[in-house]
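Worksheet for the structure shown next.
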Amino acid sequence: MTTRTPQDVIGFWTEELSPDDWYRQDDALDDRIRDGFFDTWQVAHDLYRTWGATARGTLALLILTDQMSRNMMRGQARAFSTDGLARAATKAALVRGFDLAIDDPVRQFFYLPLEHSETMQDQDRAVRLILMRMDAPETLLHARAHRHIIRTFGRFPFRNAVLGRTSTSAEQAFLDGGAYGAVLRELRAEG
11 MTTRTPQDVI
21 GFWTEELSPD
31 DWYRQDDALD
41 DRIRDGFFDT
51 WQVAHDLYRT
61 WGATARGTLA
71 LLILTDQMSR
81 NMMRGQARAF
91 STDGLARAAT
101 KAALVRGFDL
111 AIDDPVRQFF
121 YLPLEHSETM
131 QDQDRAVRLI
141 LMRMDAPETL
151 LHARAHRHII
161 RTFGRFPFRN
171 AVLGRTSTSA
181 EQAFLDGGAY
191 GAVLRELRAE
201 G
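Numbering (our numbering), first residue to last: 11 to 201.
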């Protein structure tokens, strides 16, 4: 088992990848992330105290538990299994102002665990933080889209199948009608 360092995580995410890669679905990239970081992800709970003591350490922990997990376990319930840890790390970091020590666009990774939450309070907080602490209209648009979905359904319907949840008829209509992409188009049209 090889445990990587915070700098390994940040360096890979911000230097080897481009912002276009961060949200791209690509099997080869998912394999690369899994091969390089799965062992570290498996011990993420043990790293919380040490990595969470600094802004850059927390950033690495958030990338590992909220972003890389989605790549490494795409299509599996385990992709969301460290979301709670990521939210706890985010909330602790915000109290300490760690997010403000990290420049845009990487700062968004402090807010994404809130954006990935299925609670309205976290959604509202994510939108507010991005609005106040970043100059990133596209990032804000995505935060608003996530919040819209939670406001409408109380959960992310596109997770239902992998989490073994039954979709309501309204959720199925949402999924059949373009899902997240349709929400983005609607919000862009509103301005």
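Glycine is no exception: its CB is placed at the ideal position from the N, C-alpha and C atoms.
Note that this is a predicted model, so its numbers are computed, not measured.
Counting other Cβ atoms within 10 Å of its Cβ, alanine 87 stays below 16 and is therefore classed as exposed. DSSP, read as helix, strand or coil, puts aspartate 31 in helix. Pairing phenylalanine 108 with alanine 155 gives a Cβ-Cβ distance that is not under 8 Å. In this structure, DSSP gives arginine 169 a helical state, which the three-state scheme calls helix.
By a beta-carbon distance limit of 8 Å, glycine 62 contacts alanine 99. Their separation comes to about 5 Å. The residue from Glu128, Val116, Gly85 with its alpha-carbon nearest to that of arginine 97 is Glu128. Here leucine 95 is not near tyrosine 121, since their CB atoms are 8 Å or more apart. Look at arginine 106 here: in three-state DSSP terms it is helix. Note on geometry: alpha-carbon atoms of arginine 143 and phenylalanine 184 lie some 31 Å from one another. Straight-line measurement puts the Cα of alanine 136 at about 5 Å from the Cα of leucine 124.
In this structure, threonine 149 keeps its C-beta atom at 8 Å or more from the C-beta atom of glutamine 182. Counting along the chain, valine 137 sits inside the alpha helix (DSSP H) bounded by residues 130-143.
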